[in-house]
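The next block holds one structure in the form of structure tokens; read it before the comments.
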Amino acid sequence: MIRGFCGMVPQRAAYPCPAARYTRHIGIIPYLGALAYHEIVNILPMERGGLRMIYFTGDMHGDRGRFNAWKLRWLGEKDALVVCGDFGFLWNGSPEEEEILQWIGKRRYQVLFLEGTHDNLDLLERYPVEEWNGGLTHRITGNLRHLIRGQIFSIQGKSLLALGGGESQDASFRKAGENWWPQELPSEEEYEEAVRNLERVNWRVNCILTHCAPTSIQQKLDRNYTPDRLTDFLQMVKRRCQFDYWFLGHYHRNCVVDDRFIVQWEQMVELQWE
Ligand SMILES: [Fe+2]
């Protein structure tokens, strides 16, 4: 259900965002960053109280300013902001970083993220594992959580499969354990966990959340990316699984591919169901 529409959203990608078309039938409202947000909010009167919304955004790379998006201030405990990898706030474990994490954890809404290729996975694994809305998470602090690979969560009555990770294109220039981690691609156990959980729900979820795209979608986005075990696994999921929307990051662009693949960078997309 669409609660409002802000007009066409400027896109950076070669694949134009048919915003008017996809918002018409799936109830997604796209936003571009904090500045554009102000303009949009002026157009769209906010509905207060009882709204249960999920916002999705792409690679943050530790940019705290992304949380300044005006509309995020209206979100409450039943709302969530999902970051599709390259969260970037877990990087060096410094006291300054810890302070920012504490600040993020104090947001009124849930902040959920997947791991990408610019997240310190050794640090991430030190946080306690906690069940949350039907799936396993790393509880970072307060309302800040990492969605563990292969888990299916039930948020606001909808099911979401999370499968973060990706392959660094510049791995040869990085140093293991310092700015690159071998576990950036899921392990076979994590793939098996995803399959087990998908079988449990008969391969039907509302949303799929990943950092990378399935191979065929990645090829449409940029042929310079080489398919890998993860993109091929996601290709299998794309073929077998019934889903409404697939949100992903990684490619640093905002666009829609094949109607249901919502590629996110600094854009924020609001998703509402009735
Ligand atoms: Fe990134």
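Residue 103 in numbering that gives the first Met the number 0 is what sits at position 104 of the sequence shown, and the numbering runs on without skipping anything.
Every residue gets a Cβ at the ideal spot worked out from N, C-alpha and C, and that includes glycine.
Check: residue i C-beta below 7 Å from any heavy atom of ligand 2
| i | result |
| --- | --- |
| glycine 115 | You won't find ligand 2 in this model; what it holds is ligand 1. |
Residue i Cβ short of 7 Å to ligand 1 heavy atom set
| i | result |
| --- | --- |
| histidine 251 | yes |
| aspartate 58 | yes |
| aspartate 243 | no |
| aspartate 62 | no |
| aspartate 85 | yes |
Buried or exposed by the 16-neighbour rule on C-beta atoms within 10 Å, applied to residue i
| i | result |
| --- | --- |
| valine 256 | buried |
| methionine 267 | buried |
| glutamine 353 | There is no way to answer for residue 353, as the model of the chain reaches only from 0 to 273. |
| alanine 161 | buried |
| glutamate 183 | buried |
| alanine 68 | buried |
| leucine 270 | buried |
| asparagine 223 | exposed |
| arginine 63 | exposed |
| glycine 115 | buried |
| threonine 209 | buried |
| alanine 175 | exposed |
Residue i - partner residues in DSSP beta bridges
| i | result |
| --- | --- |
| glycine 134 | Trp131 |
| valine 256 | Phe260 |
| tyrosine 244 | Cys206 |
| serine 158 | Ser153 |
| tryptophan 179 | Ala175 |
| valine 81 | Phe55 and Leu111 |
| threonine 140 | Leu143 |
Q. On the three-pair Cβ rule with 8 Å, is the region 180-200 touching the region 93-113?
A. no
(Q) With three or more C-beta pairs closer than 8 Å as the rule, is the region 257-265 touching the region 56-64? (A) yes
**Q.** Three CB pairs or more closer than 8 Å across the region 66-83 and the region 129-141
**A.** no
Q: Mind the definition here: the region 163-176 touches the region 225-239 only if three or more C-beta pairs lie below 8 Å; say whether that holds.
A: yes
(Q) Using 8 Å as the cut-off, can you tell me whether the region 104-111 makes contact with the region 59-76, which would need three or more C-beta pairs spanning the two stretches below that distance? (A) yes
(Q) So, does the region 212-224 touch the region 237-249, judging by three or more C-beta pairs under 8 Å? (A) yes
(Q) For the region 175-184 against the region 150-161, do three or more pairs of beta-carbon atoms, one drawn from each stretch, fall closer than 8 Å, so that the two count as touching? (A) no
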